[in-house]
Amino acid sequence: MEKMRIGRETILNLESVEYRWIESLAYDGLEQQEINAVIQRCLGGDADIADMLRRIALKQCPPNVLLEHLNKVETHR
23 MEKMRIGRET
33 ILNLESVEYR
43 WIESLAYDGL
53 EQQEINAVIQ
63 RCLGGDADIA
73 DMLRRIALKQ
83 CPPNVLLEHL
93 NKVETHR
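Numbering (our numbering), first residue to last: 23 to 99.
So, in structure tokens, the structure goes:
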């Protein structure tokens with residue numbers, strides 16, 4: 023997994039520029055897989071993290087889901 027380029031504060035801030043950017047990608051009509059690939063390329067992480075970031079930005083899940091996932095990944099290293 024490539025290192026994440028955003029931190030806990032950004033993940034928890036639903037008004038962050040990163041989430042607004044992801045929302046704009048969806049608004050522009052990109053497919054889920056395309057959005058996830060762009061997120062992964064620009065913000066780091068793996069496919070699961072990119073998908074969670076997309077879902078958080080689109081208000082489909084809370085940021086705590088991603089934080090729990092990141093804690094599990096760190097624990098297993």
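All C-beta atoms, glycine included, are put in the ideal place defined by N, C-alpha and C.
{"Query": "Helix, strand or coil at E90 according to DSSP, with G and I counted as helix", "Result": "helix"}
{"Query": "Residue range of the alpha helix (DSSP H) that includes L65", "Result": "Q54 to L65"}
{"Query": "Strand pairing of E24, partner residues [DSSP]", "Result": "G67"}
{"Query": "Nonlocal neighbours in the same chain, by C-beta distance under 6 angstroms from G51, ignoring five residues either side", "Result": "none"}
{"Query": "At least three beta-carbon pairs within less than 8 angstroms, the stretch 52-65 to the stretch 84-91", "Result": "no"}
{"Query": "Extent of the continuous alpha helix (DSSP H) to which L47 belongs", "Result": "V39 to Y49"}
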